[in-house]
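Just so we're on the same page, the numbering used here is the position in the sequence shown counted from 1, plus 10.
Down below is the structure, laid out as C-alpha cells.
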Amino acid sequence: MGLFSRIKNMFKDTKNEDTREEMQKRIEDEEQLVAEEYDVDIENEDSIKQEKEKTTNVIEKSVDTKNLKGQEDGVVDVKKDVKVYEKGLTKSRQGFVSKLVSLTSKYDKITSDYFDELEEILIMADIGVNTVMSFIDRLKNRAKSENITDPSLLKEIIVDELFIIYVNDEVLSNKIQYNSDGPTVLLFIGVNGVGKTTTIGKLANKMKDEGKKVLLVGADTFRAGAVNQLKEWSEKVGVSFYGKEDSDPASVVYDGILKAKEDNIDVVLVDTAGRLQNKVNLMKELEKMNKVIDGLIEGGASETLLVIDATTGQNGISQAKAFKEITNITGIILTKLDGTAKGGIVLAIKEEVGIPVKYIGLGETKDDLQVFDIEKYIYGLFKDMM
C-alpha cells in the first residue's frame with residue numbers, strides 16, 4: 011500500500027475504533043446470552059443483576075476499560091489536530107492542489123505537455139525549482155518503469171514522491187530535545203516581522219498546558235519594544251519572564267538562566283535579535299550567547315529554532331540559508347502557513363536547507379501552533395485528491 015492509500019485510511023477509516031457504546035452493546039448481548047443459557051427469568055432483577063455484574067467484569071477485562079478513556083481521548087486529539095491541518099491548509103489546497111486535480115481531468119494520457127504543466131504548478135506552489143526538476147525526473151522514471159499512461163493513476167505516486175522528498179530516508183524528529191539535567195534552553199532566531207515573539211508566546215502556552223514551568227527571556231534588546239512585547243505575552247499566558255532593555259543580550263541570557271535555576275524552571279525560551287542585514291554582528295552575538303549558555307547548562311542550548319513567515323515564499327528559504335551560515339539550526343517553525351496558497355514551502359525548506367520543520371502556525375489562536383506532522387500535512391494538503 012502506497013503512502014496515499016495508507017494516509018487516507020489512517021484518517022478516514024474509523025471502523026476499528028473501540029468505543030464505550032460498542033462495549034455497552036457487547037455487554038447487553040452477553041446479558042441476553044447468559045439469561046438464555048441459565049434460563050434466567052428476565053423479569054427477575056436480582057438474578058439478572060448478578061449475571062450482569064459477572065458478564066460486565068468479563069467484558070471490561072477483555073476491553074481494558076482502564077485504558078479505554080485514554081484511547082478515546084487520543085482519537086479525539088488526533089481528529090482535532092487533523093481538522094486544524096485541514097482548515098489551516100485550505101488556501102494551499104484550493105491553490106495548487108485544485109490545479110493538480112484539474113490537470114488530471116484535462117489530460118487523458120500522459121504527455122510532455124502534461125509534465126510541463128505539472129512542473130509549472132509545483133514551482134508556483136513554492137516547492138522550489140531545483141526540487142521540482144528532481145521530482146519531475148523521478149516521476150517520469152516511475153511512469154516509464156511502471157508503464158503508467160493514465161494521469162489519474164499518477165496522483166498516488168505524486169503524493170508518495172513528495173513525501174519521499176521530505177523524508178529522504180532520514181529519521182526525522184519533530185520533538186523538542188529536552189535537557190534531562192537542569193532547564194532546557196531554546197533559542198529563537200528569525201528576522202523581524204515573521205511572528206517570532208508571538209510564536210514564543212504560543213509555544214510557552216502549549217508547554218505550560220503540558221505541565222512545564224516556563225520562563226521567557228527577552229534578549230532582543232536591539233528592537234524597540236521587543237522586550238515589553240515578550241513580557242506582555244508572558245503575562246497573557248501566565249508564565250515567568252526576565253528581560254532588560256538597552257542591555258547586552260548575553261548578559262540578559264546569563265541572568266535569565268540563573269533565575270531559571272533558582273526558580274526550578276523546566277524550559278527557558280530565549281527571544282533574540284533578527285537583524286540579518288548585519289550577519290557578522292549577529293553571528294558574534296549568537297556565539298556569545300551560546301558561550302554563556304554552555305557555561306551554565308551542560309550541553310548548552312537544546313535547540314536553536316528558526317522562525318520563518320510562510321507567506322514570504324522563496325525569500326523565507328533565502329533567510330534559512332543565510333541563518334544556517336552563521337549558526338547551527340536544529341529546527342524550523344513556519345508561521346502563517348494558513349495565509350498562503352503556496353504550502354509547498356514546507357517541502358522546499360527541507361529539501362533545499364536540510365532542516366526539519368518542527369512547528370507550523372495554522373491560525374491566530376494558541377491552539378493553531380501545531381507540532382509538525384508530515385502525514386497530517388500531506389492529508390490536509392491532498393485530501394481533495396483522496
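For glycine and all other residues, C-beta sits at the position ideal for the given N, C-alpha and C.
For residue i, the three-state DSSP class (helix, strand or coil)
| i | result |
| --- | --- |
| residue 345 | strand |
| residue 108 | helix |
| residue 224 | strand |
| residue 117 | coil |
| residue 266 | helix |
| residue 95 | helix |
| residue 277 | strand |
| residue 239 | helix |
| residue 261 | helix |
| residue 201 | coil |
| residue 308 | coil |
| residue 173 | helix |
| residue 286 | coil |
| residue 303 | helix |
| residue 321 | helix |
| residue 381 | strand |
| residue 190 | coil |
| residue 159 | coil |
| residue 395 | helix |
| residue 100 | helix |
Residue i classed as buried or exposed, judged by whether at least 16 other C-beta atoms fall within 10 angstroms
| i | result |
| --- | --- |
| residue 329 | buried |
| residue 94 | buried |
| residue 162 | exposed |
| residue 234 | exposed |
| residue 300 | buried |
| residue 159 | exposed |
| residue 120 | buried |
| residue 308 | exposed |
| residue 302 | buried |
| residue 240 | buried |
| residue 71 | Note that residue 71 scores 44 on pLDDT, short of 50, meaning its location in the model is unreliable and no value can be drawn from it. |
| residue 131 | buried |
| residue 360 | buried |
| residue 226 | buried |
| residue 217 | buried |
| residue 126 | exposed |
| residue 335 | exposed |
| residue 118 | exposed |
| residue 352 | buried |
| residue 178 | exposed |
Closest by C-alpha distance to residue i, when choosing among the options
| i | options | result |
| --- | --- | --- |
| residue 211 | 278, 102, 300, 337 | 278 |
| residue 319 | 347, 381, 303 | 347 |
| residue 263 | 188, 198, 213, 205 | 198 |
| residue 400 | 250, 229, 273 | With the chain covering 11 to 396 only, the question about residue 400 has no answer from this structure. |
| residue 282 | 207, 220, 350 | 207 |
| residue 379 | 369, 306, 312, 352 | 369 |
| residue 297 | 269, 373, 261, 323 | 261 |
| residue 133 | 381, 357, 152, 98 | 357 |
| residue 268 | 390, 129, 306 | 306 |
| residue 291 | 377, 393, 259, 168 | 259 |
N-terminal and C-terminal residue of the alpha helix (DSSP H) that residue i is part of
| i | result |
| --- | --- |
| residue 141 | 139–155 |
| residue 389 | 384–392 |
| residue 324 | 324–336 |
| residue 207 | 206–219 |
First through last residue of the beta strand (DSSP E) which encompasses residue i
| i | result |
| --- | --- |
| residue 125 | No beta strand (DSSP E) holds residue 125; the alpha helix (DSSP H) holding it covers 122–134. |
| residue 373 | From DSSP, residue 373 is part of no beta strand (DSSP E); its letter is neither H nor E. |
| residue 357 | Where residue 357 is concerned, there is no enclosing beta strand (DSSP E), although the alpha helix (DSSP H) it sits in stretches over 355–363. |
| residue 253 | 250–253 |
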